[in-house]
Structure formats: C-alpha cells, structure tokens
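As structure tokens, the structure follows; a few thoughts come after it.
Chains as they are written, first to last, in our numbering: chain A, 1 to 245; chain B, 1001 to 1448.
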C-alpha cells in the first residue's frame, strides 16, 4: 500500500502510520506542522520502515492547497493508492455552544474540508486503477445526543458522505472505509471523563488496518461500539429526551 | 490543547495516593507559567517518587511522547523521546537483533524513567546500571531552557539527572546504546540453594561466566533455611542454540479487582513460598533450558495489575544494598527481621551488584541487594522499614528511591554520601524547586 495520512503525527494516526510503515508500506505524512511531520518521519525510519517515508504540508483549514498536497504526496510515494484522514477538530460542547467562530471552524474542518479532500482523492483514484479512502468519523455521528450534537453533527455529515462516496465509486474500484471510533484515550480526549469501553490507540489502529486492507465500509473501534451504537440508535426519542449523556 | 484531568496518582505499590492534575502531552514541554511540575513515566516506581508533592499539583506524564528519533543500525545507538517504553523498544528492536542494555523486572517503564531511577537489572554485576549506557540527554530545566548533557557535556547536570528521580528537570530526549543479541531466547540454569551463604557464594561463582544472575529467596523461611531459594543464571541464546522462530507473546492475564485484605496473610504466603521453592527444588538443576526472554526478564508482566493482589491499602517494596565489605551478616539480619515480623510476602529477590556509578544518587554499589514486598499495614510497616534502615545504615548501605515510600529524611541523608554534591547541582539548575514530588518533600525537605 502507498498511503498518505492526514493526522499521522498524533494519536490514532501515529499508531496507524507505524503499523503501515512496519510492514513495508510507503507512508506520506501530511499535516500543518513541519517540525512535527519531520519528527514523526524520523520515528518511522528509526523503527525500521521498509517502504518510503515522506512528509508534505496539508492544512484541512485551507482546501485551496489540497490538490497540490495530493500531487506532492503522489510523487513522493510513487503513486498513492490510499488516503487516510485521521485528523479532525474537536471541542467540548460548551465551547462550541458559546463560540460561533469555534463552531464554524469545527464544522468546516470535520465535514466540508474532509469531504472535499476525500472527493478529490476519490476522483484521482478512480481515474487510475482505484484505491482506498479511509476517514475517521465517530460514533458521535451515529445518533445525535444533547451533550455533543454539534461535534456529532459534523461527524454524522461525514459518515453520510463516506457512505455515499463508497456507493458512488464502487464501480470505479475506489473503496471507502468509514472508521467510527468510540472514546479512545489520546491527547485529543485528554481531560475528558473516560467512559466504559474506552480504547487504546494501538489496539484501535490494528482494527483500522484490518478494515483498510479489506475495504470494510464501516469500522467500529473498539468493535463493541457497533452494538452500543445499535442500541442507542434504537432508543425512542422520548428516552433520548430524558437521558443526560 | 492538551487537557488536564484531576486524577488519583500513586506508585505501583499504591501507597501513598494523592490527587494530581495530570496531563499526557504528545510533545514534552514544560508549561510556560513556571509553576511546579512533576514528571512521571508509566508509574512503575513503587513508592512516592512519582506522586505529586501536594494535592492537585501538576503531573506531566510522558508516555505519549514515544517517538524514536534516530537509530544507528551499526552501533545500536537509539535516540528517542523520553516517554518511549522499554516494552516498545523490545517489540521494535529485538526482532532486529537489539536489546536494552539494562532492563528492570518490568518492561512497562519509560526510557526517561530508566534514566531518572538509573535502573539496574540482572546484569548489574557485569554491566552496571542504565546510566552507563546513556550518551546524551536533553533536559528541559526549570527556566525552560533545553539543555543537552552527557558524560562529557554539562557533566554535573548529567550526573545529577541520572538517578535524580526527575528532580533536576524534565528529560525530553535520551540517546542510549542498545546491545546486540542473536535471538529472543535465553539459556537459563536454575539451581535450588539451601541457605543464604550458599546463595551468596552461588551468585559470586556465577558472576564471571554469566551475564545475568539473580536469586529468589523464600523470605518466610527461618533458622537454617534462612535465605533458601532458587539461583538463576542466564545468557542470550546464540543463533544455533535456539528455535529459529522468536517466542510468541505470552498470554497476559489481569487482576480485575482489588484483592481482599486477607488474601496475602502470612500462612497463605508461607504455603505459596514453600510450594514455589519445593517445585523448583525438585526440578533437576543440571542441563540448561532454552526459554523465551519474556519469562526470564519479566515474569510478573504476564499478570496485568498484579499490584492489586495487595488490596486497597497497597504495599511497600523494600530494596536495599549492603556493601560487600560488610559481609553476609547484615543481609541475614535484614532477612531475619522481615521473617520475624512475618511481614514479607511472595519472594524476595537477591542479586549481587557491581561497582557504583558516577551519578550522585545512583542506587547500586558493590555488594548484595535485596528486594521484598511488604503489605502495607500503616505504622507497623513503617517502623519495620526504619528498623531495616538502621541495619542498612550500620552496614554502609542504602535504599533504592524507586521503591521507597517510608524512609525518613535523616536516615536517607546517612545513606548517601554524595547527597550534598547532588543538592549543589540541583540548587544551580532549579533553585526555586520547580521540580518536586512527594518523595522530595519527604526526603529532601522540599515544600509541599
């Protein structure tokens, strides 16, 4: 596999990049911070990456740069066949409720920018012999809840987009993987109360890697969240009004 | 932004416990506000070394800063962020033929923690402690500067930071040498030993031929059986001696709950220890066996959360070293006192140490070290520690800070002749005591 990873310097993206590099896949780390990218590239190399390791600048808040970033990643990897987007914005509901600018930024990064980037990559892969698009949505997008519907809405939109993308490009050999992590203990979620079924980034990355290889349309990680969310989706609205989570 | 959460923080012994404002950043930098902070790795030191100095004080946990930064395949020189764990080092580099030069009895420790505690292992008699393999550290000091230090550069800061329990600054990067091995298997000989003299003689006799030696002592046995146990000698297997495939990862089981207080009662422990000794003693000691490295170096890592076996009150681990010049008598006295108190559980570990390191607060010195678990029963356990310390001080020995939670400041000062030298270096780099812990409050007179 020749994969570009947006968000591969941190958390689950870091863990996934290590798994890919360790088995010899080419990895292009895309992100905003040149120093962080270089440090993570050194990490992959020092750990014995067999395939190519490269970095490139991509900021999800600047869609105008997406095409150039993909061009550069393509060149560095010798033809990408996978794009993984683990990056995203996160804020607690209180902050998003109070600060419209903060909310707008989160919605744009998590939905508009991620969808735009994935669409662009899908077109490119379809024009060749196919490829895989994998983006990290969230279980928060499976059912709106009062305590995090703003973040959840950005991920619900992304999940719907990815489902449609998978259907639309299936005939053109583009596979789409929508990862829906439950609570994972990373720097992103630091400081939040840890709920039951919380996952570790390394274990989640193993699950995602399997989904990536198989082209599984929807990957829950840890897997128990598939059933948790199934149950939550089935709750009547009257119940959702009463529960506080 | 990296979040901060208010959590209860304890060492592996789960005593004492304090509330800390814990952050786990992926990028190791001190907060710019200049307020007090305690660096903490994976929390495997037993006592209060990584417990906050005051309730709610800031704790900077390093384990998410886990990137390797460079590896020289010819020399084995590894540069990494300080939060990288030995577990990860072994998983990534052992398949490539490299092993940590020194490893404690658990792999769930960070490289930064190995430096801060100047950890030792079963090869101390031959190879010394971890700090001897460190070529360079990057330390963020109290004023926020990133200072490179090593055996020849900023040597004083280096010698104060190795074994300095995180009290000189935040270790952000470590460059150290891995050692080449041919396989992930060990050649191991075990031999039952009837008493303390035979144990000490056995360790001594094995020292020249074997890179790794250790003894397990049934510390509930008394009288002539005092010091009886199992002597283990090991070395890395060469390519032709071991299976071609590496050993599989052993299944890990976990202790899901705090055990009830009665579980580790003396009678039960006596039964366990006798059975353990008896089983090993019956096994013929003769031919060497080829065993996976995991079981040899990290037997307790197979049981996740084994510290919960001691229940909610937790336990202390007591580890001391007695200089060789003091002879076997103080070692016997420590074992006698513990056996008389009926306080020890499971097995004690005994090991001969090689020469002392240059680092001011490094624990090992040429002699015999003993480590044993003491279930925590409040004042009774603490006074036992003071009694044991009296024996150790009289013999010219010392205790290991990575284990300690009960030693008194005046006793500690009598154990460490180079303490004042270390204090002077700390005064220079951290005059305001930005870096402090429950241990530094207890032993060094820091304000909480």
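All C-beta atoms in this analysis are idealised placements derived from N, C-alpha and C, irrespective of residue type, glycine included. Here the structure is a predicted model, which is why all the values come from computation and not from measurement.
Exercise. Using a Cβ-Cβ distance under 9 Å, would residue 189(A) count as near chain B?
Worked result: yes
For this session: Measure the alpha-carbon distance for residue 1021(B) versus residue 1090(B) and round it to whole angstroms.
Result: Going by the C-alpha atoms only, they are around 31 Å apart.
Exercise. Does the distance from the C-beta atom of residue 1128(B) to that of residue 1357(B) stay below 9 Å?
Worked result: yes
Exercise. Taking Cβ positions, are residue 243(A) and residue 143(A) nearer each other than 9 Å?
Worked result: no
Exercise. Which residues bound the beta strand (DSSP E) around residue 1185(B)?
Worked result: Residue 1185(B) -> beta strand (DSSP E) spans 1185-1193.
For this session: Taking the CB atoms as reference points, tell me whether residue 1042(B) and residue 1110(B) lie closer together than 9 Å.
Result: yes
Exercise. Any Cβ of chain B within less than 9 Å of the Cβ of residue 89(A)?
Worked result: no
Problem set entry | Where residue 39(A) meets chain B, residues with beta-carbon distance less than 8 Å | 1067 and 1069
Exercise. So with Cβ pairs under 9 Å, would you call residue 192(A) a contact of chain B?
Worked result: Closer than 9 Å to some Cβ of chain B, the Cβ of residue 192(A) qualifies, so yes.
For this session: Only counting runs of 4 or more residues, tell me where the alpha helix (DSSP H) segments fall wholly within the segment 75-137 of chain A, in order along the chain.
Result: 93-98, 100-107 and 114-127
Exercise. Tell me which same chain residues have a C-beta within less than 7 Å of the C-beta of residue 158(A), skipping the five on either side of it?
Worked result: In its chain, beyond the 5 residues on either side, 110, 111, 114, 115, 135, 137 and 141 have a beta carbon closer than 7 Å to the beta carbon of residue 158(A).
Exercise. For the beta strand (DSSP E) that contains residue 1216(B), what are its first and last residues?
Worked result: Unbroken beta strand (DSSP E) run through residue 1216(B): 1212-1218.
Problem set entry | Chain-ordered chain B contacts of residue 47(A) [CB-CB under 7 Å] | 1068 and 1092
For this session: Keeping to the same chain, check which residues put their C-beta closer than 6 Å to that of residue 176(A); ignore five residues upstream and five downstream.
Result: Only 133, 162, 165 and 166 meet the Cβ criterion.
For this session: With 9 Å as the threshold, decide whether the Cβ of residue 1436(B) is near any Cβ in chain A.
Result: no
Exercise. If we count the other Cβ atoms within 10 Å of its Cβ and call it buried at 16 or more, is residue 1386(B) buried or exposed?
Worked result: exposed
Exercise. With DSSP run on the structure shown, which of helix, strand or coil describes residue 28(A)?
Worked result: strand
Exercise. Along chain B, in chain order, which residues have C-beta atoms closer than 8 Å to that of residue 43(A)?
Worked result: 1067, 1068 and 1069
Exercise. Which residue's Cα is closest to the Cα of residue 83(A): 216(A), 154(A), 183(A) and 30(A)?
Worked result: 30(A)
Exercise. Can we say the segment 1322-1341 of chain B touches the segment 1192-1206 of chain B, given the rule of at least three CB pairs closer than 8 Å?
Worked result: Yes, since at least three Cβ pairs between the segment 1322-1341 of chain B and the segment 1192-1206 of chain B fall closer than 8 Å, the two stretches touch.
Exercise. Whose Cβ in chain A lies nearer than 7 Å to the Cβ of residue 1025(B)?
Worked result: 187
For this session: Drop a sphere of 10 angstroms on the beta-carbon of residue 1096(B), count the other beta-carbons inside from all chains shown, and report buried for 16 or more, exposed for fewer.
Result: By the neighbour-count rule (16 or more Cβ atoms within 10 Å), residue 1096(B) is not buried but exposed.
Exercise. When DSSP builds the beta bridges, which residues end up paired with residue 1148(B)?
Worked result: Note: residue 1148(B) sits in a beta bridge opposite 1138(B).
Exercise. Whose Cβ in chain A lies nearer than 9 Å to the Cβ of residue 1005(B)?
Worked result: 190, 191, 192, 193 and 194
Exercise. What residue range is occupied by the uninterrupted alpha helix (DSSP H) comprising residue 1093(B)?
Worked result: 1086-1093
Exercise. Which residue's Cα is closest to the Cα of residue 55(A): 44(A), 107(A), 130(A) and 61(A)?
Worked result: When each option's Cα is compared against that of residue 55(A), the closest is 44(A).
For this session: Leaving aside the five residues before and after residue 34(A) along the sequence, list all residues of the same chain whose C-beta is less than 8 Å from its C-beta, in chain order.
Result: 55 and 57
Problem set entry | chain A contact for residue 1080(B) (CB, 9 Å cutoff) | yes
Problem set entry | Per DSSP, cross-strand counterpart(s) of residue 9(A) | In the DSSP output, where bridge partners are listed per residue, residue 9(A) has none listed.
For this session: Kindly indicate which residue of 1443(B), 1442(B), 1445(B) and 1430(B) has the alpha-carbon position closest to the one of residue 1036(B).
Result: 1430(B)
For this session: Compare the C-beta of residue 1153(B) against all C-beta atoms of chain A and say whether one is closer than 9 Å.
Result: By the rule that beta-carbons nearer than 9 Å mark a contact, residue 1153(B) does not touch chain A.
Exercise. Should residue 1414(B) be flagged as near chain A, meaning a C-beta pair shorter than 9 Å?
Worked result: no
Problem set entry | C-beta contact flag for residue 1135(B) and residue 1071(B) at 9 Å | Remark: C-beta atoms of residue 1135(B) and residue 1071(B) do not approach each other more closely than 9 Å.
Exercise. Listed in chain order, which residues of the segment 1-15 of chain A have Cβ atoms closer than 7 Å to some Cβ of chain B?
Worked result: 10
Exercise. Which two residues bound the contiguous alpha helix (DSSP H) that contains residue 1232(B)?
Worked result: Unbroken run through residue 1232(B) is the beta strand (DSSP E), 1229-1236; no alpha helix (DSSP H).
Exercise. Would the beta-carbon of residue 15(A) fall within 9 Å of that of residue 201(A)?
Worked result: If you check the CB distance, residue 15(A) and residue 201(A) come in under 9 Å.
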